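Residues in the sequence shown are numbered consecutively from 2, following my numbering.
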Amino acid sequence: MSCRRRSPSSPGLRFHPLLGVDFYTLVRVQRSLPCCVVSPYGASDDAAGCAVALETLRALAAAPRPLRHDVLVLLNGAEENILQASHAFVTRHPWARTARAFINIEACGAGGREVLFQAGPHDPWIVEVYAAAVPHPFASSLAQELFESGLIPADTDFRIFRDYGNLSGVDLAWSSNGYVYHTRLDTAERVPPAVLQRTGDNVLALARGLLAGERLRAATERARQPVFFDVLGACVVAARAPAAALAALLAALAVAAALARSACDATRELHVGVRVWGGAVGRAAVGAALAAGAGAAASAAAALALHAAGARLSFYARPWLLLPLYALPALVGAWVAARYLWRRWATQSGVVALARGWWAWRAWRDGQLLCALLLLMTGTALRLRSAFLPALWTLPALGVWARRRSDGKSAALGAALAALPALQSAYLALGSINMFVPMMGRAGTAPLPPDVLMALVVSQLTLLTCSWALPLVVAARRPAPLLRAGVALAALAAVLVLATPLGAPYSAERPQRFMVFHTRRSVHAASAAAAAALDTDASNATHEDFYWIPELDVNTPHSMDPYVPEMRAAQATLAAECERWPYCGAPYFLPVLSLVARGHRLPAPAPPLAVLRLAARLLPAGDGDGGARTLELELREAPAHVVLVLAPAPGARVAHCEGLGAPQEGPRWGARRTYFVALHQARRPRAWRLACRLAAPPGAAPARWLRVAAAGHAMAGAARRAPTHARLLAALPPHAAATGWGVHLHVFEL
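Here is the structure:
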């Protein structure tokens, strides 16, 4: 995505230890703008963050001792409009050149503890200050790797400060109650005062820790970020790369020694060779991996059955249903598979003593230690800072070296040593579920049904947390009642979900998200006489008026059929439209085609109030290059937010745009490149003029150079919603949280 912007203002405060507070409008340049989604709501994202930042500055300014360094509070505008104000600040404002570190406060929910989910990219001492100073820690390098993987569809100003400002810092975010994120429910009443107090305590302590020393004056320490995680919220473990590598080595040695001790004990007491015992442990390790796969398959099968039966997202309003619906099938499936595999191997090997009992338990415990060791070594080799989790699961190896105990006491000791990794795993699992469940309401068109995705996540988190129980189940003589009870509870929960209101996926407090864009699509027919020019005021266009509803979740839009009868007429985007026009000829306002690949059209009785008038010309480049053209666009009348999607002919590209440089390339549309260009104005809209250079390979100049989709989004003001649009949104039930605005979309070819 490439952006041009006009006329915003992002207020900022700078506190100097001797000069006091200076207020200044940090970003008032020709390339910035305010928030993308205009709404009276936004208490958590990010009024609460602003409140914490301002109160932190007040507390720092009131300190009896003068600070060693200046403090700058930047209240970024346009964050939802792809981080534009922060980009303008770090690239243009003189204060940015004196910045040394930063604390970014974000939200994807309202309430809960703020998690430190990004740090760096340099100055690892910042995380060490966090670990030493913050009274209520909640941090994980696992969360950072998960976020950076792209699995979480979000972005923050952290990236701008990191990539464009060359600054290091931390990213904090509230993630509880993500149901209200970007909805009408995000009000001050849903942000508990205790949340502000706890976050304020943490941010103030971290700021004081950063300001107390002289490291801010030193050169940037270009070292890898440490492995870090909080231990059940009590304290933070932070280990730099050398210390983390040493810890991994010690864990590997402990596991190797434990495996050797078990082999010696088996040789002495069972009279089996080391090779036989080693084979048993190896098979147990393989069995544990296969059992995890079987558990995931059982959980996914249950999710597929519910999906096929129409009970989609039944867990959304009641996350506790994940336990009987998906966690129990995972446990039962894994345990049944493990017992079957072990019985079959023990029968074939002829070592009857290993079939059941405490020696079977010991073989499976050693097999799990071997799995943890392999995962730890793999993570260390790949330099994954999330490898601390398998490292914790090597702790049961220490039980081998306790003084000799009876078999029952040995198992009890093993379970006790597994308590810390099990509790830590459960702690991380609950945090993950707390974040992922609300996210399923805006997951878009995922490659798998959301029920299956959550089943896979829940199954693996459950099996990890309860992995200490697997050796006990394998060793048990009669676990059948436990397994039958698990099956019965899962079946009962499924029946209740299918047959009672328990399976209703949404509620007034946890509503379904809707975006409804009232759209007029003007399709301009190309003519031989005007193939290189278009004027929408004089063009022969075909107009279509409809409501476009992007598919934010799997139930969109027909979950509303009983409440809004008109919704039954909604039809999914046709394949022919996607073949003819870029972005399927739909009014996307962000480049999220890969996330939301499908939408639905509902006929509209009247056009929207939004109006976009433009003229386009395709001219020779002027430098004698026959393989180049210049596209000139003039937006004579436009709302504050305009999106252009440029799709040059196969082989051609957009080499340069005035004010943008080389635009960023988007997803391919067949053989064509695409470019998503956003034009934003914070104040009264004025005419836009844009010139882009198109280039084609020598001797391959196309007859038709590009296809264009130009959309004017009336996100605020009198043209935002027509009366028919407002009535449609008002007809939605309380368990639907809807937003939307009018759009005028032109599609044409030059």
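Ideal placement from N, C-alpha and C gives every residue a C-beta, glycine not left out.
Please read all numbers here as calculations on a predicted model, not as lab measurements.
Local Cβ density within 10 Å of residue i, reported as buried at 16 or more and exposed below that
i      : result
Leu34  : For Leu34, the predicted structure reports a pLDDT of 30, less than 50, and the residue's modelled location is therefore unreliable. A value from the coordinates is still provided. Classification of Leu34: buried, given that the 10 Å Cβ count is 16 or more.
Ala100 : buried
Pro686 : buried
Glu753 : The first residue shown for the chain is 2 and the last is 751, placing residue 753 beyond what the model contains.
Glu81  : buried
Gln682 : buried
Val28  : Note on Val28: pLDDT 26, under 50, position unreliable in the model; the coordinate value appears next. Val28 should be labelled buried.
Ala328 : buried
Arg384 : exposed
Asn105 : buried
Gln349 : exposed
Ser150 : exposed
Arg569 : exposed
Glu552 : buried
Pro391 : buried
Arg684 : exposed
Cys467 : buried
Cys236 : exposed
Per-residue DSSP class, three states only, for residue i
i      : result
Ile127 : helix
Ser350 : helix
Ala335 : helix
His736 : coil
Thr725 : helix
Thr631 : strand
Val116 : strand
Arg341 : Note that residue 341 is Tyr in the sequence shown here, rather than Arg. Note: Tyr341 maps to helix in three-state DSSP.
Gly743 : strand
Gly87  : Before going on, a small fix: residue 87 reads as Ser here, not Gly. Ser87: helix per DSSP, three-state reduction.
Cys36  : For Cys36, the pLDDT reaches just 37, beneath the cut-off of 50, and the residue's location in the model is therefore unreliable, leaving the point undetermined.
Ala731 : helix
Phe389 : helix
Thr395 : coil
Ser426 : helix
Pro566 : helix
Per DSSP, cross-strand counterpart(s) of residue i
i      : result
Tyr548 : His519 and Leu603
Gln513 : Ala737
Asp231 : Val237
Gln461 : DSSP lists no partner for Gln461.
Val709 : Leu647 and Phe749
Gln226 : In DSSP, Gln226 forms no bridge with anything.
Asp172 : Asn105 and Gln119
Cys658 : Gly662 and Cys693
Ser1   : With the chain represented from 2 up to 751, any question about residue 1 goes unanswered, as that position is not in the structure.
Glu638 : Arg614
Thr543 : Val524
Cutoff 7 Å; reference residue i; Cβ partners in own chain excluding five residues on either side
i      : result
Ala639 : Leu613, Pro686, Trp689 and Gly713
Met441 : Leu314, Tyr317, Pro451, Met455 and Asp554
Leu147 : Ile153
Arg216 : Trp126
Arg248 : Note that residue 248 is Ala in the sequence shown here, rather than Arg. If we look at Ala248 and ignore the five residues flanking it on each side, its Cβ neighbours are Ala240 and Ala392.
His747 : Ser523, His525, Thr537, Leu613, Leu615 and Ala711
Chain-order list of residues whose beta-carbon lies under 6 Å from that of residue i (same chain, five-residue window excluded)
i      : result
Asp296 : The residue asked about is misnamed: residue 296 is Gly in this sequence, not Asp. Counting only Cβ-Cβ distances below 6 Å, and skipping sequence neighbours, we find Ala331, Gly334, Ala335, Ser460 and Leu464.
Leu620 : Thr631
Val380 : According to the sequence as given, residue 380 is Gly; it is not Val. Counting only Cβ-Cβ distances below 6 Å, and skipping sequence neighbours, we find Ala388.
Ala616 : Asp536 and Glu635
Gln572 : Arg602
Glu56  : Gly201
His736 : Tyr507, Ser508, Ala509 and Pro512
Tyr182 : Cys109 and Gly110
Arg673 : Ala648 and Pro651
Leu645 : Val678 and Ala711
Ala715 : Ala611, Pro640, Arg721, Trp742 and Gly743
Cβ distance (whole Å) where residue i is taken to contact residue j below 8 Å
i      : j      : result
Ser142 : Val204 : Between Val204 and Ser142 the Cβ distance is about 20 Å, and since that is not below 8 Å, they are no contact.
Ala54  : Gly166 : Rounded, the Cβ-Cβ distance is 18 Å, inconsistent with contact.
Ala242 : Arg225 : 5 Å
Leu733 : Phe515 : 7 Å
Trp365 : Pro480 : Wrong, their Cβ atoms sit about 13 Å apart, outside the cutoff.
Gly368 : Val282 : 5 Å
Contact set for residue i: own chain, Cβ-Cβ below 8 Å, skip 5 residues either direction
i      : result
Ser177 : Gly110, Ala111, Gly112, Gly113, Arg114 and Asn435
Ala356 : Trp343, Arg344, Ala347 and Thr348
Leu396 : Leu418, Ala419, Leu421 and Pro422
Ala134 : Ala206, Leu207, Arg209 and Gly210
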